[in-house]
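According to numbering that gives the first Met the number 0, the sequence shown is numbered sequentially starting from 0.
The C-beta atom is built at its ideal place from N, Cα and C for all residues, glycine as well.
In what follows, a single structure is set out as structure tokens and then discussed.
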Amino acid sequence: MRELAVFYCPKCGHYAYYQTSRHPLCPKCSGNVSMRMLRMYYTEFMKMTCEERDNYLADEMLKQNPSILQRISASHKRFNSRETIAQLCNVIMSLDAENKMLSDTVNWMHDTIWEMMRAQRAQSGQAKAMEECSASEELDEQAPQEEEAVKAGGM
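See below:
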């Protein structure tokens with residue numbers, strides 16, 4: 000006599016015990032889905048609690064059909080605001096870092112422009128001073144010559 004085997008439905012999770020080697024059909028799915036045999040002895044399966052059985056069957060179902068997990072988690076992914084918030088926080092942090100870098104660059108450019116303006120004003124001020132100085136030296140040189148010409152002409 001053959002030992003009992005545990006079969007489960009990969010679609011709905013219904014399980015049953017059969018002695019047959021043929022693949023039975025799931026009675027809950029209108030007999031359209033063939034059940035799969037668990038790779039576990041009947042006695043081991045019976046020693047499990049109901050919760051352990053359910054967890055084991057759920058793991059087996061997910062191994063056989065990963066799209067179930069995708070269907071279950073699809074609504075979670077669609078309406079998961081925590082992940083969206085975390086992603087947006089990362090974007091905000093990177094934009095803040097970029098903004099600080101750009102602000103520092105603008106401040107550096109502003110300071111450089113003002114330094115160049117001060118240097119240019121100082122150079123133009125020195126140039127004016129040099130022109131005034133050379134003009135006054137020319138006047139000083141011309142003054143004695145004019146005095147001599149006046150003395151010579153007036154005598």
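Identify the continuous alpha helix (DSSP H) that holds L56 and give its terminal residues. 49–63
Exposed or buried, what is L94 when buried is set at 16 or more other beta-carbons lying within 10 Å of its beta-carbon? exposed
Check for me: the alpha helix (DSSP H) holding M45 runs from which residue to which? Taken as a continuous stretch (DSSP letters only), the alpha helix (DSSP H) holding M45 covers 41–46.
Determine the closest residue to M45 out of P26, K127, A15, A121, with distance taken between C-alpha atoms. A15
Give the C-beta separation of P9 and Q86 to the nearest angstrom, bearing in mind that I take them to be a contact with Cβ-Cβ under 8 Å. Contact between P9 and Q86 is ruled out by a C-beta separation of about 35 Å, above the 8 Å threshold.
Where E2 and Y40 are concerned, what is the direct C-alpha to C-alpha distance, given to the nearest angstrom? 9 Å
Look at the alpha carbon of S123 and the alpha carbon of C132, and state the distance between them as a whole number of angstroms. 14 Å
By Cβ distance, which residues of its chain are closer than 7 Å to M108, with the 5 residues on each side in sequence left out? Nothing listed; no residue qualifies.
Please confirm whether Y17 and P23 have their CB atoms less than 7 Å apart. yes
Enclosing beta strand (DSSP E) for N5 [first to last residue]: It is Val, not Asn, that sits at residue 5 in the sequence shown. Segment 4–7, the beta strand (DSSP E) holding V5.
Return the CA-CA distance between R155 and E51, expressed in angstroms with no decimal places. Residue numbering for the chain in the displayed model covers 0 to 154; residue 155 lies beyond these limits and cannot be assessed.
Helix, strand or coil for S29 per DSSP? coil
DSSP state of R21 mapped onto helix, strand, coil: coil
Among M129, F6, A57, the one whose alpha carbon lies nearest that of V32: Nearest to V32 by alpha-carbon distance, out of M129, F6, A57, is F6.
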